[in-house]
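In order, the protein sequence lines correspond to chains L and V. Be aware that the first sequence starts at 625, since it is given in this note's numbering, and climbs by one per residue. Be aware that the second sequence starts at 625, since it is given in this note's numbering, and climbs by one per residue. Backbone N, C-alpha and C fix where the C-beta goes; we use that ideal spot for every residue, glycine too.
Protein chains: 2
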Amino acid sequence: MNDQQPVQLRVGLAQVDTTVGDLSGNADLVRTWTAKAAEDGVHLVVFPEMTLTGYPAEDLVLRESFAHASEHALVDLATRLADDGLGEVAVVVGYLAHTEGSGPAPVDQPPTDDDRPGDANPRRGAPRNAAALLYGGEVVARYYKRHLPNYGVFDEARYFVPGTEMPIVRLHGVDVALTVCEDLWVEGGPCGVIGQAGADVVVSPNASPYERAKDDLRLPLVRRRAEEARATVVYCNQVGGQDELVFDGDSLVVNAAGELLARAPQFVEHLLTVDLTIDPSSVPERTDGRIGPMTVTRHLLSEEPAPAFEPRPSTIVAPLDDCEEVWRALVLGLRDFIDKNGIPSVVLGLSGGIDSALVAALAVDALGADRVYGVGLPSKWSRAHSLSDAEDSAERLGLHYSVVPIAPMVEAYEKSVELSGTAAENLQARVRGTLLMGLSNQHGHLLLATSNKSEVAVGYSTLYGDAAGGFAPIKDVPKTLVWAIARWRNEEARRHGGTEPIPQNSIDKPPSAELAPGQQDSDSLPSYEELDAVIADYVDRDLGMAQLLERGHDPEVVAKVLRLVDMAEFKRRQSAPGTKISLKAFGRDRRLPITNRWRETPPTVLEGAAQ
Amino acid sequence: MNDQQPVQLRVGLAQVDTTVGDLSGNADLVRTWTAKAAEDGVHLVVFPEMTLTGYPAEDLVLRESFAHASEHALVDLATRLADDGLGEVAVVVGYLAHTEGSGPAPVDQPPTDDDRPGDANPRRGAPRNAAALLYGGEVVARYYKRHLPNYGVFDEARYFVPGTEMPIVRLHGVDVALTVCEDLWVEGGPCGVIGQAGADVVVSPNASPYERAKDDLRLPLVRRRAEEARATVVYCNQVGGQDELVFDGDSLVVNAAGELLARAPQFVEHLLTVDLTIDPSSVPERTDGRIGPMTVTRHLLSEEPAPAFEPRPSTIVAPLDDCEEVWRALVLGLRDFIDKNGIPSVVLGLSGGIDSALVAALAVDALGADRVYGVGLPSKWSRAHSLSDAEDSAERLGLHYSVVPIAPMVEAYEKSVELSGTAAENLQARVRGTLLMGLSNQHGHLLLATSNKSEVAVGYSTLYGDAAGGFAPIKDVPKTLVWAIARWRNEEARRHGGTEPIPQNSIDKPPSAELAPGQQDSDSLPSYEELDAVIADYVDRDLGMAQLLERGHDPEVVAKVLRLVDMAEFKRRQSAPGTKISLKAFGRDRRLPITNRWRETPPTVLEGAAQ
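Now the structure itself:
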């Protein structure tokens, strides 16, 4: 500051639900929420990462027509905000920048060598994961994300060139520095630069996908960066589902002392506001120019402080408990997949088992009962309770329900070709899949697959049978968690005096695929407690045999589970997308070859290998 | 050199077919081919990139047990080669290195921040894409790939830390520098460093996937690098199929003057040898230490020249013509997928159409007729020629053939649920898919999907119907090319006086899905010439609307095709893998979101956007 008077700023965090590729729809979202913020007296409002394009836009980023349209949409948005009379609000939005051919090429970008087919070369121009500050109808400052995550579900080194400039904008006498998402995860990164340059506020637009217990990581992280930047960090995360990912919001604000000032609810669009009072004596001298790998530039919007106002207390919402958090993640992931793709309704097979009962309950919570169609598909091996539990589930949920016995189709096949053993079992599952897809095609429903993570892991499902569907809501939910969230959902209903949506019998009875007489999952699989524990260590944590045995798993169980998981890769490659909730979900998060002769071997061999 | 006598070296390029994950099998391959090389008097033999692990190993790279096993396999291989009496041959092999926690972190690697879940963090240790020189039972030198491709089908920034060291090994008085694959694509990269440091030979182990006409790119590229390095470049590329990729070999040797000295055949394992005579006056002074971003170290193996020998002429094999090249790529891609996965036999539906006739011919060329099972699945809409052409195809190929009419199954469904229009059409395709999967499960066949790239692009296939299968051999072959290679294969048969494998009638008749009376593809699609031209520009070249119209495509055709391509993403996500032959194949090469509202719009809007 120049003067020594404390200055105030009301900051808004608009955690909105954008849609990938919908430039105009996302721009409208920014206008709507900026208007709300303005009504609420906000001076600076921050939107999530890549607000205009949605995140992740994947290979759309490489299409020049899309990148140009994003640049255009940004300039257009600045104008429209001013036309809306919102020019006096400083708006930070994320977008896809396309800086013609400029920018340093990281070592892993493809060469510009003329002999590389130009069309295969994403280096035409330099796409940037960018954030801009809009004010008075103009694009005042542009920041290019410096740290590009390229692990787990992220492929940003495929798309973006890292930035080297750090714009700091002075608004009402308050210095506001820009960063984007991953920049906040890196010690000695942009926040270190800001700490040396001097700023009051660091804004951080994010697209940080939900993972169980991830909210436990954000607060300590943001605390350390706020201390490093010696400024208040404004962390705004997006909300909503995008294919395999769901974003939970959980936006927060932490001051330079590491105090949590405000925290937004999870899984809902929300405008979080916080009133900042900056004590000039607490902030260092301002510098600019080259600091470490970055160049700091300063932009003056307004020196005069905002008119003094009475600070309001901010909301600090506590993160949700595990089961509710998972439930809300699955509901939002499913709802956004269905609605953003313009799908009117969903259909699924109701077996009376826990998986289909749970998916039906999720679908009704996500879409309402009128958009959900359940079908009972009994076979000659189905037991009486199967159909009655399916009917019970349908009644509790009030969804559309019908029954189609599969025997006539199964018999027709068996008259034409001789099928026995697994082939005969899978036939029943595929007849169901074909019937459900027929109803999907006939009525425009999307078929929901009911496979859980335990099944997907060990391939305990029939390709084109029960694995068929356009979306698999519980694909990343292990069976033991399936039971836990089913119980939680019923308790939640009891707490609110409503009907329990999931039949207790579906929760209690031993799981069975019912593809053969008296068949139970436990005939061919270890207990789900054992199975899920091994899956968590082998799939989610990627541990090898020696480590798995150190963790105390039964060697025979480990050997069997690993073999099943390794052999099922070809099935997973053709499975429907589903919402990621775990440390590592099947899909882009875990990329293993189908053709793969590597098998984890006994530790004796590994000890040799470890030398 | 120290003295001024010309020195000689016989170099071997072993373009072998490794298998991902098969450390011991790949090591045995190195021992076998090194023995051949030794018999042939070779002093230095070069193997492809990541020889021991196979390429691409994808997320196996991140598993510590696998990385440790790779390190162990390398040391073990050096010992075994010496035990085999091959210690005097210098052997360059690729492997996965795991250098504990060392190495610079590129900007796009995940942070080591403690709050990042350690299990999700590939930064534990530093995986390297490495090449080692083995000699006298020891690992003499290790080189870590510097340039990590992270575009198209490549994700190397996800896996590896780039190297900064350049070892140069003196063997029989000849200075041999190491590089890996992408390092050769970068001007001013390692070859520039080598040019300054001084070396006689640059070895370059490669895993460069086949693409149509890619061989036209390699020679001029290697020429420029040889000139830049002022040394002879020994480019050894792997052979074989790995899931979506096929590698064509095409290994070559170019001297510092840019002369092509030797070139290997495509799509076959081969030991290419070349006799080098280095004129000491032609090479610069040697230096070492820090040069640009790299540190050059020198290793002396043997100063004394190899005993003089009579140089032999080298083979220079001309690249194949387009149709033969594509055919060989598809055959090898299919054969390796089936054999490396230990699959005994394949089954496919024979419709009498060109796609299934072509896939059957490919399968017989790849596996032999005795491992191929064809099934005719006539419906009430199949015309007489369909079954007769299918039978003709089966007879010409000598494969196992049977017929299963689908009417009884179709009727059974239609009695249970009311299906009309597309739903009724898809039902027939799914009954076929279910029958074929039943035979697959019953007899252990892998089902081959017969979809071509044109169909996959516009979604002109039935999910779980004709799209069903474990592998899709012509998934990346546009329909117009399907006809072209079918004609080529028949001509090839005529040239060798054999039976034409593909019925002329299947080639000549207008394509039809035969799911409705009198149906033809042309009822719902533009001509395949128009369709494939738009697909090549929109999918392979990623052009936007304005550019597509500039290229002279019909605006209505473009609008229709783009809509179909955009809408079919959810189907492609569940499709079987198939061999990539084009600039951009569906699969890991083109990563678009399913939930995606972006649509290419008329140029008037785009012109605005382009401003």
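Secondary structure in the segment 1018-1046 of chain V: the beta strand (DSSP E) runs of 3 residues or longer, each lying completely within the stretch, are 1024-1027 in chain order. According to the DSSP assignment, residue 766 of chain V belongs to the beta strand (DSSP E) that extends over 762-768. Using a CB distance cut-off of 8 Å, residue 1062 of chain L counts as an interface residue toward chain V. Residues of the same chain with a CB within less than 7 Å of the CB of residue 984 of chain V, apart from the 5 flanking positions on each side, are 972, 974, 996, 998, 1017, 1021, 1023 in chain order. Between the alpha carbons of residue 1062 of chain V and residue 965 of chain V lies a distance of about 20 Å. Taking a cut-off of 8 Å on C-beta distances, the segment 1194-1205 of chain L does not touch the segment 627-644 of chain V, as fewer than three cross pairs fall below it. For residue 1053 of chain L, same chain residues with a beta-carbon under 6 Å away, outside a window of 5 residues either side, are 1086, 1089, 1090 in chain order.
Separation of residue 892 of chain V and residue 1213 of chain L (C-alpha to C-alpha, rounded to the nearest whole angstrom) is 34 Å. Only those residues of the segment 669-689 of chain L whose C-beta falls short of 9 Å from the nearest C-beta of chain V are listed: 677, 678, 680, 681, 682, 683, 684, 686, 687, 688, 689. Distance from the CA of residue 890 of chain L to the CA of residue 1077 of chain L, rounded to the nearest whole angstrom, comes to 24 Å. Proximity to residue 986 of chain V across V:953, V:671, V:1013, V:865 peaks at V:953, based on C-alpha coordinates.
The three-state reading of DSSP puts residue 796 of chain L in coil, since its state is none of H, G, I, E or B. Taking 7 Å as the Cβ-Cβ cut-off, the segment 1203-1218 of chain V approaches chain L at 1207, 1208, 1214, 1215, 1216, 1217, 1218, given in chain order.
In the structure shown, residue 1221 of chain V adopts coil according to DSSP, grouped into three states. Residue 1203 of chain L sits in coil when the DSSP states are folded into three classes, being neither helix nor strand. The C-beta of residue 1221 of chain L comes closer than 8 Å to at least one C-beta of chain V.
Its chain contains 1201 as the residues whose beta carbon lies nearer than 6 Å to that of residue 867 of chain L, once the 5 sequence neighbours on both sides are disregarded; these appear in chain order. None of the residues of the segment 627-642 of chain V has a beta carbon lying less than 9 Å from any beta carbon of chain L. Taking a C-beta distance under 8 Å as the contact criterion, residue 752 of chain V and residue 723 of chain V qualify as a contact pair.
For residue 1066 of chain L, the chain V residues whose C-beta falls within less than 9 Å of its own C-beta are 1041, 1042, 1043, 1044, 1045, 1046, 1047, 1048, listed in chain order. Between residue 720 of chain L and residue 711 of chain L, the C-beta gap is not smaller than 8 Å, which leaves the two residues out of contact.
DSSP, read as helix, strand or coil, puts residue 926 of chain L in coil. Between residue 646 of chain L and chain V, the shortest Cβ-Cβ separation is below 8 Å. The alpha-carbon of residue 678 of chain L is positioned some 21 Å away from that of residue 809 of chain L. Remark: fewer than three beta-carbon pairs, one from each stretch, lie closer than 8 Å, so the segment 684-691 of chain V and the segment 842-851 of chain V are not flagged as touching. Spanning the alpha carbons of residue 1210 of chain V and residue 939 of chain V requires a straight line of approximately 36 Å.
For residue 1051 of chain V, a Cβ of chain L is located within less than 8 Å of the residue's own Cβ. The shortest CA-to-CA distance from residue 763 of chain L to any of L:800, L:780, L:703, L:771 is the one to L:703.
Listed as beta-bridge partners of residue 940 of chain V by DSSP are V:887. Against chain L, a Cβ distance below 7 Å from residue 1054 of chain V picks out 1058, 1061. Taking 8 Å as the CB threshold, residue 964 of chain V lines the interface with chain L. Spatial neighbours of residue 832 of chain V in its own chain (CB-CB distance under 6 Å, excluding positions within 5 residues in sequence) are listed in chain order as 861. Contact residues of the segment 1016-1037 of chain L toward chain V are 1028, 1032, 1033, 1036, 1037 (C-beta to C-beta distance below 7 Å).
In the DSSP assignment, residue 865 of chain V falls within the unbroken beta strand (DSSP E) covering 863-866. In this structure the segment 1125-1141 of chain V does not touch the segment 1167-1176 of chain V; the number of beta carbon pairs closer than 8 Å is below three. As computed with DSSP, residue 753 of chain L is found in a beta bridge with L:720.
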